[in-house]
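Since the structure comes first, as structure tokens, the remarks are kept for the end.
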Ligand code: SF4
Ligand code: SF4
């Protein structure tokens, strides 16, 4: 088995992780029909209305705090993002308040910046605290009342009216905060479109929303038809609009076409640098091959679930946890994590070596069906012809938007 990843790399990634996110509860006051923890999927722990104990989170913070003080910490930047995730995080406000206080009192050299994804149903009660601590808020809203109609309450009634009432209240009470710190996140499906979501959020709140597709991995066998009925692809939805040139320009990186072109440019431009060392002393052209586009665990985030499972992020199945934090302490065996990853990589090596898209790959192996069974086919695999088509599509985008090259090179920091 090839050693793509070492225990030392993983420990170092955790000591320098830019973000810790806590799943503060698995309870939610909505029942969105496409929810990643709902009826369509099979890869998450049962939802049992639990709250993450503050002691568990404090144990994890202390563990990472010790790494910050060790030689493994070589971050120049002392900012650390702390995320609160759910379920609906505002259902566990005592946890959030206590952890913010604990971090403040900890005497760490880090500067903490807080963020949260919320459905805004309880925003009216908790906005003062969020504003006081300068939280970045990502509010889930799929567009107008019809667009948003999959986002229902426990009694099946729509949540739209209450959500926009709360968001309007926040904007009226704290206009500067709203302008700087609030953004919107929408899911695309068969009751909205890129254009209708963008039009509604722009007109009502003056913001450009992020738009994502419904998660397409780990769909339950008996739900595949239901999934197909709801699913829409944001790339296709954008291109269906006759004004798509204008829309994609306005949405910039939130548009799927700009996003794809940015990845292409970042992987292929000789003028993109990972860090100052590369800029000043030249790039290492001898980068070892590693299958897929999966991140080194913790290099982007450390995520703790409500059950104390430790994961590299919240977007992968809970079966891929790499450690545990509970009343006994933090259990992270970096050697075992490296072995686990190297084992998964070796299952994909053959396919990825043949793939012409290797250089641009952003496919996370944990979102490929069949990884655990050792037999998974990647839909993003490209032979020479497919890669050439992909390359031509990206070049055509830059021909259509000649200004995009300098916009991306100037404004995008790619991590
Ligand atoms: S989805 Fe995969 S590659 Fe992306 S941050 Fe999570 S673990 Fe890393
Ligand atoms: S896109 Fe290609 S390189 Fe990436 S995971 Fe799929 S087969 Fe491997």
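Numbering (the numbering used here), first residue to last: 355 to 769. Don't be surprised by glycine CBs; every beta carbon is placed ideally from N, CA and C. Please read these numbers as outputs of a predicted model, since none were measured by experiment.
Tell me the DSSP secondary structure of residue i in three-state form.
i	result
residue 569	coil
residue 707	helix
residue 394	coil
residue 731	coil
residue 412	helix
residue 746	helix
residue 777	For the chain, the structure presents residues 355 to 769; residue 777 sits outside this window and is missing.
residue 435	strand
residue 668	coil
residue 373	strand
residue 540	strand
residue 673	helix
residue 490	strand
residue 363	helix
residue 478	helix
residue 512	strand
To which residues of the same chain is residue i closer than 8 Å at the C-beta, ignoring the five residues directly before and after it?
i	result
residue 664	414, 656, 657, 658, 675, 676, 677, 678, 679, 684 and 686
residue 694	676
residue 673	397 and 726
residue 622	713 and 714
residue 385	392, 506, 507, 508 and 510
Is there at least one non-hydrogen atom of ligand 2 closer than 8 Å to the beta-carbon of residue i?
i	result
residue 734	yes
residue 434	no
residue 711	yes
residue 747	no
residue 645	yes
residue 722	yes
residue 476	no
residue 384	no
residue 705	yes
residue 725	no
residue 702	yes
residue 389	no
Ignore the nearest five residues each way along the sequence and tell me which others in residue i's own chain have a CB closer than 6 Å to its CB.
i	result
residue 481	524
residue 374	436 and 656
residue 661	399
residue 536	491
Residues in the same chain with beta-carbon distance under 7 Å from residue i, minus the five sequence neighbours each way, listed in chain order, please.
i	result
residue 716	617 and 647
residue 503	512 and 545
residue 696	355, 356, 357, 358 and 359
residue 735	705 and 709
residue 667	654, 655 and 657
residue 417	684
(request) Taking 8 Å as the threshold, find out whether the region 390-404 comes into contact with the region 563-576 through three or more Cβ pairs. (result) In the pairwise beta carbon analysis, the region 390-404 is classified as touching the region 563-576: at least three pairs are separated by under 8 Å.
(request) Give every residue whose Cβ lies closer than 6 Å to any heavy atom of ligand 1, listed in chain order. (result) The set of residues with a C-beta under 6 Å from any non-hydrogen atom of ligand 1 comprises 648, 649, 654, 666, 667, 669, 670, 718 and 720, given in chain order.
(message) Taking 8 Å as the cut-off, does the region 613-621 touch the region 745-761 (at least 3 CB pairs, one atom from each stretch)?
(response) They touch, by the three-pair rule.
(message) For the pair the region 452-470 and the region 503-512, tell me if three or more CB-CB distances fall below 8 Å.
(response) In short, these stretches do not touch, since the Cβ pair count stays below three.
(message) Below 8 Å, how does it come out for the region 577-595 and the region 544-551: are there three or more Cβ pairs, yes or no?
(response) Using a C-beta cut-off of 8 Å, the region 577-595 makes contact with the region 544-551, since at least three inter-stretch Cβ pairs fall below that distance.
(request) Count the C-beta pairs between the region 553-570 and the region 604-615 that are closer than 8 Å, then say yes if the count reaches three, no if not. (result) Yes, they touch.
(request) Pair every Cβ in the region 620-637 with every Cβ in the region 579-586, then say whether three or more of these pairs are closer than 8 Å. (result) Contact fails: fewer than three Cβ-Cβ distances are below 8 Å.
(request) Examine the Cβ distances between the region 717-726 and the region 739-746 and report whether three or more of them are shorter than 8 Å. (result) Verdict: no, contact absent.
(message) Tell me whether the region 721-728 and the region 751-761 touch, counting them as touching only if at least three CB pairs, one residue from each stretch, are closer than 8 Å.
(response) Taking a cut-off of 8 Å for Cβ pairs, the region 721-728 and the region 751-761 do not touch, as fewer than three such pairs fall below it.
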